[in-house]
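**Q** In this note's numbering, the protein residues as written are 476 to 791.
Here's a structure for you.
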């Protein structure tokens, strides 16, 4: 079963199937009118803001890579991060982009395992801080239109994630032998940041801030589509959209993301065509960001040099 769920064709089929169901369930004329009435000037602002948040993500990755031995200029992390965005356009998940930027980073004199660990740390801190954005919303506004278990569950998982990080170094060495996978995970991923807790805290603060910036971009995008979506509701449901669409069950979250927009926005009376337009437009902005990464791949000397080193290593 797990092999089927992880299959590329299953993920592509799920995305195509969800898109087909969504388009068959909406008034296409209303959907088209919603898109044609969009304010393009605001869409451009959102797109530029989105690219800026990806630069902030690259900066956070740079911060997290330092304890693992990578003391490189920001530009290196920036171009590698954008190349990862481009690679994600061709596979059903973010794994290719993450592995790709990790391998590029490893060409800068570090170990491949350490480079990939920095990418994993970047991903994990991003998800945890996204949980805390949603948890902060539920703590401030309560469950509102969401089922109470959803609100309590998000807050609980956010708290447990932080508690687990503190408890793991005390528990894992006792429960697992040095050669065990969990022990290696602790030694390679958790311990380096425990030794530099202020650095990790700073990276998490950057992550928390960039998630709020992305949330503000969603507010502008809703305004561009002339949607009356309350700010408090965007604070509650947008982080959940990002978390659920990142699950490796579809092709880059396509279909899943739009379905979640339709379901969640229906709770406050937004119609399916309008919600579909909202979700699809955000997906298209992400696609545009990936294409920018393709331009970086072609033009960046840092990337070309790294690729040449990878090719030389594989040939030798």
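We treat Cβ as the ideally placed atom computed from N, Cα and C, and that holds for glycine.
(1) By Cβ distance, which residues of its chain are closer than 6 Å to residue 616, with the 5 residues on each side in sequence left out?
(2) Could you check the C-alpha separation between residue 774 and residue 686 for me, to the nearest Å?
(3) Can you name the start and end residues of the alpha helix (DSSP H) that residue 661 belongs to?
(4) Buried or exposed for residue 631, please, with buried defined as at least 16 other CB atoms from any protein chain shown within 10 angstroms of its CB.
(5) Could you tell me the distance, in whole angstroms, from the CA atom of residue 603 to the CA atom of residue 633?
(6) Whose C-alpha, out of 539, 717 and 722, is nearest the C-alpha of residue 739?
(7) So for residue 571, helix, strand or coil by DSSP?
(8) Looking only at its chain, what residues have a beta carbon closer than 7 Å to the beta carbon of residue 629, apart from the 5 residues adjacent to it on each side?
(9) What residue from 700, 737, 540 and 563 has the CA that sits closest to residue 712's CA?
(10) Suppose the cutoff is 7 Å on Cβ atoms and the five residues either side in sequence are ignored; what does the same chain contact list for residue 528 look like?
(11) What separation, rounded to the nearest whole angstrom, lies between the Cα atoms of residue 560 and residue 598?
(12) Considering only the alpha carbon of each residue, which of 495, 500, 509 and 499 lies closest to residue 702?
(13) Which first and last residues belong to the alpha helix (DSSP H) in which residue 606 is found?
(14) Assuming residue 676 is part of the alpha helix (DSSP H), what are its boundary residues?
(15) For the candidate residues 511, 750 and 760, whose alpha-carbon lies nearest to that of residue 704?
**A** Quick look at the numbers:
(1) For the purposes of this step, residue 616 is identified with residue 141 of the chain shown, where counting begins at 1. Only 707 meet the Cβ criterion.
(2) On the chain shown, position 299 is the one that residue 774 refers to. On the chain shown, position 211 is the one that residue 686 refers to. Residue 774 and residue 686: Cα-Cα distance of roughly 29 Å.
(3) Along the chain shown, one-based indexing puts residue 661 at 186. First-last for residue 661: undefined, no H or E at that position.
(4) The sequence position of residue 631 within the chain shown is 156, counting from 1. By the neighbour-count rule (16 or more Cβ atoms within 10 Å), residue 631 is not buried but exposed.
(5) Here the question's residue 603 lines up with position 128 in the chain shown. Here the question's residue 633 lines up with position 158 in the chain shown. In this structure, the alpha-carbon of residue 603 lies about 7 Å from that of residue 633.
(6) Taking the chain shown and counting its residues from 1, one reaches residue 739 at position 264. Comparing Cα-Cα distances from residue 739 to each of 539, 717 and 722, the minimum goes to 717.
(7) Position 96 of the chain shown, counting from 1, holds the residue named residue 571. The answer is helix: DSSP assigns residue 571 an H, G or I state.
(8) Residue 629 sits at position 154 when you count from the first residue of the chain shown. Excluding sequence neighbours, residue 629 sits near 606, 609, 610 and 613.
(9) The count along the chain shown starts at 1 and reaches residue 712 at position 237. Checked all of 700, 737, 540 and 563; the closest Cα to residue 712 is 737.
(10) In the chain shown, the residue the question calls residue 528 occupies position 53. The answer, listed in chain order, is 685, 688 and 689.
(11) Against the chain shown, residue 560 aligns to sequence position 85. Against the chain shown, residue 598 aligns to sequence position 123. Going by the C-alpha atoms only, they are around 13 Å apart.
(12) Position 227 of the chain shown, counting from 1, holds the residue named residue 702. Cα-wise, what sits closest to residue 702 is 509.
(13) Counting from 1 along the chain shown, the entry for residue 606 is found at position 131. Start and end: 587-616.
(14) Looking up residue 676 in the chain shown gives position 201. Counting along the chain, the alpha helix (DSSP H) containing residue 676 begins and ends at 672-699.
(15) Within the chain shown, numbered from 1, the residue matching residue 704 stands at position 229. Checked all of 511, 750 and 760; the closest Cα to residue 704 is 750.
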